[in-house]
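Below is one structure, written out as structure tokens; the observations come after it.
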Amino acid sequence: MVYGGKPSTGCYLCRKRKIKCDEAHPGCRNCSIYGRPCPGYRPDAVFRNENSKVERLVKSGSAVNSDAHSNHDSQVTSVSSADSSALSLSSPRRRHATSHAKHHGKSALTLYSPADASWDQRALCYFFDQYTIKADAEEPGHLDYLPPLYARELGRQSGETPSSCLKWAVDATALMTLANAKNAPPLMIKARQRYGRALRSVREALASPALAAKDETFASVVLLSLYEDIAGERNGLFSSHTAGFEFLTKLRGNAQMTHKRGRDMFHFAYTHTYVEILALGDKPRFDLDWALGMLDNSNPVERLIIGASEICHLYGSIRFASKLPDQASVESWITAGRECDLELSRWTETLADRWLPLVVYSSQGEPLLTYNRLSTAVIWNYYRAVRVMLQQLLLELNRTLATIKAANKQPSSAKASDTPSESALDEEGVRAVIREMTTDVCRSIPFALADVDSLGRPNNKSEGAWQMRAAQGYGLLWPLWYILSCGMPTPVQVEQIRTVLMHVGSTLGIKLAWVLAREAERMREEQDMQWVNG
């Protein structure tokens, strides 16, 4: 009887499928994604007779080494740089064992079975780990409806049908996520092939009103938009799927707001759509006011959505007015904007203590903002970005009002026009709000990146330390972009935000971050030129 090494501690099903088990209790998460109950784990003490196995290995040692070498060469040829990242996908415990074996001059090949898992399975597990966050009483979660929907789709699927769009969308997004994170071009090619199949399946599903209204179809569009951002393949800054979100939201009607999954999908679609309306000046294609009436004003996320929608209405009435505005119109818009800002500022007054930021100090004595959860930091930064958008609109309206007044000014009415009106704007106060929001966003960045904990202590990212997931990095992008482009940041803050965007693009593999960083730089250069020429 000899000791043949520590046996796998994974669950029975993961060992049968030859994939890495996360060893969660009471059940493995991979099994829940797969749609099967976790069969459990083997006992700690396992005795096996290994004498005959050792004898066979000794007799065929040279053949094993030769085969292993040839298998390794063929894998490198077929998977290229994707194969080189296999070590980084393994557990820290396994990586430690490999380095220990190499240090002592022993082969570590026995620790890595070539059939450990297919790249599709690795991509799927990596994607669900990085982009799905289960909701609880304190955290809204992110795409936590995807694993059960995907498992249900796999369980009932027979051949390629319009309902298979969710499978192709998940597979495409998962492969692109892993390909970007690990710099694996062959996986990118495979991801684009799956993306094409997903697009075809979604188009087929949309041709049927019954299929178009299903959660699986809406979730597929969510994933296609996410794929587009991970791949950095938007049309400029505009998404190809915004019109699809608006169409499906209207088609699904009130029923989608009656259950949690439908509301979560609505939140994603609303944020995606109204970023383009507020930040990019896009025109809404459908009226979604009916859905806003079904939102819960006591829910922080939904109350913020309600506040943002009021600003969207104001933007729409200004940008798409049928005639040139007169003084009365501009003054009414300024009054409405100030009311929106007052209502938006009250959002912070209604939050529970667990939602409020905590002011702490770094080891260098710099003030930082931390939160109970990383996702809370993301939501707060959306609030700050929306406030900055509104302040910029007020400044623009005030300049327009000054121009109209100057054009209408008559010598005999000069004294009367100097009297402050109810719509008079304190421009310096507005700029102070912009600077405050910009500074608070920058102060929250170390916590949002998981560089510090809630007390401001450095997080060394060692094994067991909490880390930012890709979903949270994705949530940072648009607020950071708008603050960088229009938030009056100082040169130090500009460099800080630009560095974060580049970090999210390179480390988390979300290429939209690079696109936003370049676009913000272009916009700032244009603003500088206008200031010089003005």
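Numbering of the sequence shown is given in UniProt numbering, commencing with residue 1 and proceeding in unit increments. All C-beta atoms in this analysis are idealised placements derived from N, C-alpha and C, irrespective of residue type, glycine included. Keep in mind that this is a model prediction, so the values were computed, not measured.
When the Cα atoms are used, Gln193 and Ala172 turn out to be separated by approximately 8 Å. The three-state secondary structure of Ile133, taken from DSSP, is strand.
In the DSSP assignment, Pro367 falls outside any alpha helix (DSSP H) and lies within the beta strand (DSSP E) extending over 367-370. Of the other Cβ atoms in all chains shown, 16 or more fall within 10 Å of the Cβ of Val388; this residue is therefore buried. Annotation for Glu310: Cys340 place their beta carbon closer than 6 Å to its own, counting only its chain and skipping 5 residues before and after.
Setting aside the 5 residues that flank it on each side, Trp168 is surrounded in the same chain by Arg194, Arg197, Ala198, Ser201, each with a C-beta closer than 6 Å to its C-beta; the list follows chain order.
In the displayed model, Tyr145 falls within coil according to three-state DSSP, outside both helix and strand. By the Cβ criterion, the region 496-507 is not in contact with the region 208-218, since fewer than three pairs of Cβ atoms, one from each stretch, lie closer than 8 Å. Runs of the alpha helix (DSSP H) spanning 4 or more residues and lying entirely within the region 484-517 occur at 491-507, in chain order. Per the coordinates, the alpha-carbon of His272 lies some 35 Å from the alpha-carbon of Ile404.
When secondary structure is reduced to three states using DSSP, Asn235 falls in the strand class.
Remark: fewer than three beta-carbon pairs, one from each stretch, lie closer than 8 Å, so the region 179-187 and the region 135-142 are not flagged as touching.
Under the rule that a run must span 4 or more residues, the alpha helix (DSSP H) segments found entirely inside the region 258-339 read 260-278, 289-292, 300-319. Counting other Cβ atoms within 10 Å of its Cβ, Asn398 reaches 16 or more and is therefore classed as buried.
With three or more CB-CB distances shorter than 8 Å, the region 472-486 counts as touching the region 372-387. Scanning its chain for C-beta atoms nearer than 6 Å, with the 5 sequence neighbours on each side dropped, one finds around Leu449 the residues Met468, in chain order. Contact between the region 237-250 and the region 273-282 is present: 3 or more CB-CB pairs across the two stretches fall below 8 Å. Nearest C-alpha to Leu390 among His267, Ile510, Ser362, Leu344: Leu344. When C-alpha distances from Met176 are compared across Trp119, Ser164, Glu525, the shortest belongs to Trp119. In the DSSP assignment, Leu358 falls within the beta strand (DSSP E) that extends over 358-361.
When DSSP states are grouped into helix, strand and coil, Pro458 belongs to the strand group. Here Ser362 has Leu368, Gly456 as same chain residues with Cβ atoms under 6 Å from its own Cβ, once five neighbours each way along the sequence are excluded. Going by beta carbons, Tyr270 and Cys312 fall outside the 7 Å limit. The beta carbon of Arg29 sits closer than 7 Å to those of Asp22, all from its chain and outside the five residues before and after it, given in chain order.
Here Ile483 is near Thr438, since their CB atoms are less than 7 Å apart. In this structure Tyr474 does not touch Ile497 by the C-beta definition: roughly 16 Å separates them, more than the 8 Å allowed.
Secondary structure at Cys38: coil, using DSSP grouped into helix, strand and coil. Beta bridge pairing from DSSP links Val452 with Pro458. Burial check for Phe127: the Cβ neighbour count within 10 Å reaches 16 or more, so the residue is buried. With a threshold of 16 other beta carbon atoms within 10 Å, Trp333 meets it and is buried. In the same chain as Tyr131, and ignoring 5 residues on each side of it, the C-beta atoms closer than 6 Å to its own belong to Leu143, Ala470, Ala471, in chain order.
In this structure, Leu395 keeps its C-beta atom at 7 Å or more from the C-beta atom of Val359.
Taking a contact as a CB-CB distance under 8 Å, the pair Ala174 and Ala123 counts as one, their CB atoms being some 4 Å apart.
Measuring C-alpha to C-alpha distances from Leu314 to each of Val170, Pro39, Leu278 identifies Leu278 as the nearest. For Glu276, the closest of Arg261, Arg303, Tyr227, Glu246 by C-alpha to C-alpha distance is Glu246. By the neighbour-count criterion, in which a residue is buried when 16 or more other Cβ atoms sit within 10 angstroms of its Cβ, Lys182 is buried.
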